[in-house]
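Residue numbers (numbering that gives the first Met the number 0), protein chains in the order written: chain L, 0 to 164; chain S, 0 to 164. Even for Gly, the Cβ is constructed at its ideal location relative to N, Cα and C. Computed from a prediction, not measured in an experiment: that's the story for all the values here. What follows is one structure encoded as structure tokens, with my remarks underneath.
2 protein chains.
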Amino acid sequence: MMSSQCVQSLKNLLICLDKAEQYAGAKEFDTSVLLTSRLAPDMQPLTYQVQSACDYVKAAAAWLSGQTPPRHEDNERTVDELRARIRKTAAFAESVAAAQYAQASGREVRLSWAPGKVIGGKDYLLQMTIPDTYFHIAMAYAILRHNGVDVRKQDFLGPINLVNG
Amino acid sequence: MMSSQCVQSLKNLLICLDKAEQYAGAKEFDTSVLLTSRLAPDMQPLTYQVQSACDYVKAAAAWLSGQTPPRHEDNERTVDELRARIRKTAAFAESVAAAQYAQASGREVRLSWAPGKVIGGKDYLLQMTIPDTYFHIAMAYAILRHNGVDVRKQDFLGPINLVNG
């Protein structure tokens with residue numbers, strides 16, 4: 000199921016955060032410099048990109064299984080706190096059993112920024128959840144990469160299920 | 000079907016390229032400066048990011064429908080040539096009818112970088128095609144954004160099917 004791949008991709012950010020912390024340690028600067036870095040002055044910093052990726056995964060797991068998303072405050076200030084945010088998001092998404100998505104494609108999802116409108120469950124997953132989640136994970140990656148952290152596309156992709164053939 | 004959303008996301012890059020061209024025009028610099036820009040010295044430039052996003056979409060449309068991907072040379076040097084690359088990729092992907100994907104999840108895909116190995120069609124779509132496609136589209140976006148082009152997340156997302164509700 001697609002949402003489980005989004006959860007995996009979110010967890011892949013943990014590797015990127017490890018590398019960010021190691022890089023800051025090796026270069027002897029405060030990791031918060033990376034957490035507050037942006038690709039452009041009117042673009043959101045790394046911390047926000049991680050929070051936002053988490054929220055798209057959390058929201059999809061909730062709305063598509065007929066639940067209200069748990070509230071996660073955006074108050075992370077350290078790499079450890081961002082790790083915890085990723086882990087609690089993944090734990091919530093993984094708490095939803097496949098059977099709970101049985102009605103997912105027929106559900107209507109309301110969006111706070113579009114009053115009076117809804118989006119069908121399938122469109123929500125394909126047009127919002129997946130692109131939005133990958134967008135924010137990729138921006139987190141790009142901010143680190145631009146700042147010299149040795150993250151690799153393999154870190155972004157995570158495990159790939161190759162078999163002998 | 001997911002691959003049609005990847006095709007749509009690829010087409011959304013056309014808007015980003017329009018904005019890149021307008022920006023270069025307004026600031027009176029050669030658009031090729033943007034096409035050769037990178038987020039890090041050991042990372043690929045914009046042109047490659049577009050080519051690569053195209054190739055993941057093309058490959059998935061082909062392999063998952065039992066075809067060999069058409070060969071597209073990586074010889075684009077202008078924005079117009081990149082637009083043409085996106086359009087021929089989209090045209091190929093859209094030439095594949097839904098019925099041709101009937102056996103997609105059971106297919107085994109060979110990867111040039113993993114001799115002797117295969118990946119199942121479903122894993123290929125979820126673990127490679129979708130994340131790889133969004134990765135390269137997002138890196139193209141990030142390069143433009145970092146260079147001051149006024150691309151917006153809405154441009155990345157493209158049309159969202161909101162309905163009254």
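Residue interval of the beta strand (DSSP E) (run including residue 117 of chain S):
Counted from its first residue, the second sequence places residue 117 of chain S at position 118. Here the beta strand (DSSP E) through residue 117 of chain S covers 116 to 119.
Closest by C-alpha distance to residue 168 of chain L, when choosing among S:60, S:126, S:77 and S:36:
Outside the shown range of chain L (0 to 164) lies residue 168 of chain L, about which nothing can therefore be said.
Considering only C-alpha positions, which residue in the set L:53, L:37, L:122 and L:164 is nearest to residue 63 of chain L?
As a first step, residue 63 of chain L must be located in the first sequence, where it is residue number 64. Comparing Cα-Cα distances from residue 63 of chain L to each of L:53, L:37, L:122 and L:164, the minimum goes to L:122.
Where do the N-terminal and C-terminal ends of the beta strand (DSSP E) with residue 109 of chain S fall, by residue?
Working through the second sequence from its first residue, we reach residue 109 of chain S at position 110. First-last of the beta strand (DSSP E) with residue 109 of chain S: 107 to 109.
Going by DSSP, what residues sit across from residue 162 of chain L in a beta bridge?
Taking the first residue of the first sequence as 1, we reach residue 162 of chain L at position 163. Bridge partners of residue 162 of chain L: S:117.
Considering only the beta carbon of each residue, do residue 49 of chain S and residue 89 of chain S sit closer than 9 Å?
The residue you call residue 49 of chain S lines up with position 50 of the second sequence. The residue you call residue 89 of chain S lines up with position 90 of the second sequence. It is not a contact, given that the beta carbons lie outside the stated cut-off.
Examine the Cβ distances between the stretch 138 to 148 of chain L and the stretch 108 to 120 of chain S and report whether three or more of them are shorter than 8 Å.
no
Can you give me the C-alpha to C-alpha distance between residue 131 of chain S and residue 27 of chain L, rounded to a whole angstrom?
Start at 1 with the first residue of the second sequence, and residue 131 of chain S comes out as number 132. Start at 1 with the first residue of the first sequence, and residue 27 of chain L comes out as number 28. Approximately 33 Å, taken between the alpha carbons.
So residue 144 of chain L contacts chain S; which residues on that side make the cut at Cβ distance below 8 Å?
Mapped onto the first sequence, residue 144 of chain L falls at position 145. Correct list: 38, 39 and 42.
Does the contact criterion of 3 or more C-beta pairs under 8 Å hold for the stretch 69 to 83 of chain L versus the stretch 101 to 114 of chain L?
no
Tell me whether residue 11 of chain S is buried or exposed, calling it buried when 16 or more other Cβ atoms sit within 10 Å of its Cβ.
By one-based count along the second sequence, residue 11 of chain S stands at place 12. Answer is buried; the Cβ neighbour count reaches 16.
Supposed contact pair residue 44 of chain L and residue 35 of chain L - C-beta distance, whole angstroms, cut 8 Å
For this step, residue 35 of chain L is matched to residue 36 along the first sequence. For this step, residue 44 of chain L is matched to residue 45 along the first sequence. Residue 35 of chain L to residue 44 of chain L, Cβ: 5 Å. Contact.
Nearest CA to the CA of residue 106 of chain L: which residue from S:47, S:164 and S:20?
The residue you call residue 106 of chain L lines up with position 107 of the first sequence. With distances taken between Cα atoms, residue 106 of chain L lies closest to S:164.
Tell me which residues of the stretch 105 to 129 of chain S have at least one Cβ-Cβ distance to chain L shorter than 8 Å, keeping chain order.
107, 109, 110, 113, 115, 116, 117, 118, 119, 122, 125, 126, 127 and 129
Counting only Cβ pairs nearer than 8 Å, list the residues of chain L close to residue 162 of chain S.
Residue mapping note: residue 162 of chain S aligns to position 163 of the second sequence, counting from 1. Simply 116, 117, 118 and 119.
Segments of 4+ residues assigned as alpha helix (DSSP H) that fall wholly inside the stretch 56 to 115 of chain L
78 to 94
Provide the residue span of the alpha helix (DSSP H) that contains residue 41 of chain S, from first to last.
Position 42 of the second sequence, counted from the start, is the residue given in the question as residue 41 of chain S. Taken as a continuous stretch (DSSP letters only), residue 41 of chain S belongs to no alpha helix (DSSP H), as it is neither H nor E.
Output the boundary residues of the alpha helix (DSSP H) element that contains residue 132 of chain S.
In the second sequence, counting from the first residue as 1, residue 132 of chain S sits at position 133. Here the alpha helix (DSSP H) through residue 132 of chain S covers 129 to 145.
Against chain L, does residue 31 of chain S count as a neighbour if the rule is that its beta carbon must be under 9 Å from one of theirs?
By 1-based counting over the second sequence, the position of residue 31 of chain S is 32. No - not a single Cβ of chain L is within 9 Å of the one on residue 31 of chain S.
For residue 4 of chain L, return the contacting residues in chain S, with the cut-off set at a CB-CB distance below 8 Å.
As a working note, residue 4 of chain L is residue 5 in the first sequence. Residues of chain S passing the Cβ test: 125, 126, 129 and 130.
Listed from N- to C-terminal order along the chain, which residues in the stretch 77 to 98 of chain L have their beta-carbon within a distance smaller than 9 Å of any beta-carbon of chain S?
none
For residue 157 of chain L, name the three-state secondary structure that DSSP assigns.
By 1-based counting over the first sequence, the position of residue 157 of chain L is 158. Coil.
So which residues on chain S does residue 133 of chain L lean against when the C-beta distance must stay under 8 Å?
What you label residue 133 of chain L is simply residue 134 of the first sequence in a count that begins at 1. Within 8 Å Cβ-Cβ: 129, 130, 133, 134 and 137.
Excluding the 5 residues preceding and the 5 following residue 92 of chain L in the sequence, name in chain order all residues of the same chain whose CB lies nearer than 6 Å to its CB.
Your numbering for residue 92 of chain L matches position 93 in the first sequence. Correct list, in chain order: 6, 56 and 60.
Could you tell me whether the Cβ atoms of residue 108 of chain L and residue 15 of chain L are closer together than 9 Å?
Position 109 of the first sequence holds residue 108 of chain L. Position 16 of the first sequence holds residue 15 of chain L. It is not a contact, given that the beta carbons lie outside the stated cut-off.
Quick one: Cα of residue 19 of chain L to Cα of residue 97 of chain S, how far?
Counting from one through the first sequence, the residue named residue 19 of chain L turns up at place 20. Counting from one through the second sequence, the residue named residue 97 of chain S turns up at place 98. C-alpha separation (whole angstroms): 43 Å.
Where does residue 113 of chain L land, buried or exposed, given buried means 16+ other C-beta within 10 angstroms?
Taking the first residue of the first sequence as 1, we reach residue 113 of chain L at position 114. The residue in question, residue 113 of chain L, is exposed, as its Cβ has fewer than 16 Cβ neighbours within 10 Å.
Counting only C-beta atoms, is residue 59 of chain S closer than 9 Å to chain L at any point?
The sequence position of residue 59 of chain S within the second sequence is 60, counting from 1. Judged by the 9 Å Cβ criterion, residue 59 of chain S is not in contact with chain L.
Check whether the Cβ atoms of residue 2 of chain L and residue 110 of chain L lie closer than 9 Å to each other.
Position 3 of the first sequence, counting from 1, holds the residue named residue 2 of chain L. Position 111 of the first sequence, counting from 1, holds the residue named residue 110 of chain L. Taking 9 Å as the Cβ cut-off, residue 2 of chain L and residue 110 of chain L do not qualify as a contacting pair.
What residue from L:76, L:53 and L:143 has the CA that sits closest to residue 166 of chain L's CA?
No statement about residue 166 of chain L is possible, as the shown extent of chain L runs from 0 to 164 and does not include it.
For residue 77 of chain S, count neighbouring C-beta atoms within 10 Å of its own C-beta (all shown protein chains included) and say buried if the count is 16 or more, exposed if not.
On the second sequence, residue 77 of chain S is found 78 positions in, with the first residue counted as 1. Result: exposed.
Give the DSSP-derived three-state secondary structure of residue 36 of chain L in the structure shown.
Residue mapping note: residue 36 of chain L aligns to position 37 of the first sequence, counting from 1. Of the three classes helix, strand and coil, the one that applies to residue 36 of chain L here is coil, per DSSP.
Kindly list, in the order they appear in chain L, the residues whose Cβ is closer than 7 Å to that of residue 25 of chain S.
Residue numbering aside, residue 25 of chain S sits at position 26 when the second sequence is read from its first letter. Chain L residues near residue 25 of chain S: none, gap ~17 Å exceeds 7 Å.
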